[in-house]
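These notes are about the structure you will find just below.
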Amino acid sequence: MMKVDRSILIDTNVLLTATAPSRPLHRQAYELLDQWPNRGAALLTTGQILREYLVVATRPVEVNGLGLSPETALGNAGRLWGRMVFLQETKETLEELVRLVAEKGCSGKQIHDANLVAVLRSHGARRILTSNAKDFSRFSDLIEVVDLATPGLV
């Protein structure tokens with residue numbers, strides 16, 4: 006298990022925002038991903054985040070996607086993930102997920118968020134950067150949620 010100090014998990018929505026110039030907070034997301042590693046921050050990702058990115062990036066614009074070709078999405082993804090630390094899901098992650106679902110009463114899509122928290126906790130990390138802070142509010146006693154819209158992050 007990798008223990009990390011100055012680390013932060015980058016939620017899928019931040020990666021998508023950094024990719025799409027038309028999205029609000031695009032510049033902030035792009036600059037954070039570009040500058041934070043140079044300041045000693047470890048940007049973290051997971052298999053779930055990588056899959057979610059590819060799903061939305063290649064989904065048609067008409068159904069809330071970015072409409073990118075698989076080739077373009079993979080190219081963008083490679084550039085993004087090349088600066089990130091990949092956190093593996095382990096048996097401890099699954100055990101933590103089960104505990105979180107039971108204790109926090111998660112259901113449906115909330116289990117995706119619980120899984121990200123479980124991955125963080127199983128690797129000794131505790132921060133996530135997201136533009137959907139409310140999705141993680143039920144876990145605020147366990148992790149630090151950093152909202153992309155917070156002024157002064159860059």
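Residues 6 to 159, numbered by the numbering used here, are exactly what the sequence shown covers, in order.
Just so it is clear, CB atoms sit at the ideal spot from N, CA and C, and this is done for glycine as well.
Remember, it's a predicted structure, so these values are computed and weren't measured experimentally.
TODO: Could you work out which residue in Thr-155, Ile-133, Ser-142, Asn-137 is closest to Ala-47 when comparing CA atoms only?
DONE: Here residue 47 corresponds to residue number 42 of the sequence shown, with the count starting at 1. Ala-47 has its Cα closest to that of Ile-133, out of Thr-155, Ile-133, Ser-142, Asn-137.
Open item on the list: For the beta strand (DSSP E) containing Glu-149, name the first residue and the last one.
Closed with: Translated into positions along the sequence shown, residue 149 becomes position 144. Taken as a continuous stretch (DSSP letters only), the beta strand (DSSP E) holding Glu-149 covers 149-152.
Task: C-beta contact flag for Cys-111 and Ala-119 at 7 Å - done: Mapped onto the sequence shown, residue 111 falls at position 106. Mapped onto the sequence shown, residue 119 falls at position 114. Yes, Cβ-Cβ distance for Cys-111 and Ala-119 is below 7 Å.
Task: Burial state of Ile-13, where buried means 16 or more other Cβ atoms lie within 10 Å - done: Numbered from 1 along the sequence shown, position 8 holds the residue referred to as residue 13. Result: buried.
Open item on the list: Going by DSSP, what residue range makes up the alpha helix (DSSP H) through Glu-145?
Closed with: Counting from 1 along the sequence shown, the entry for residue 145 is found at position 140. The sequence shown places Ser at residue 145, rather than the Glu named in the question. Segment: none, Ser-145 is in no alpha helix (DSSP H) and carries neither H nor E.
Open item on the list: Quick check on Asp-16: buried or exposed, where buried means 16 or more other Cβ atoms within 10 Å of its Cβ?
Closed with: As a first step, residue 16 is located in the sequence shown; it is residue number 11 there, counting from the start. Asp-16 should be labelled buried.
Open item on the list: With a threshold of 8 Å on Cβ separation, who are the neighbours of Ser-74 within its own chain once the five nearest residues in sequence on each side are excluded?
Closed with: Here residue 74 is taken as the residue at index 69 of the sequence shown, counted from 1. Cβ within range, chain order: Thr-63.
Task: Straight-line gap, Gly-113 to Ser-145 (C-alpha atoms, nearest Å) - done: Here residue 113 refers to the residue found at position 108 of the sequence shown. Here residue 145 refers to the residue found at position 140 of the sequence shown. Approximately 19 Å between the Cα atoms of the pair.
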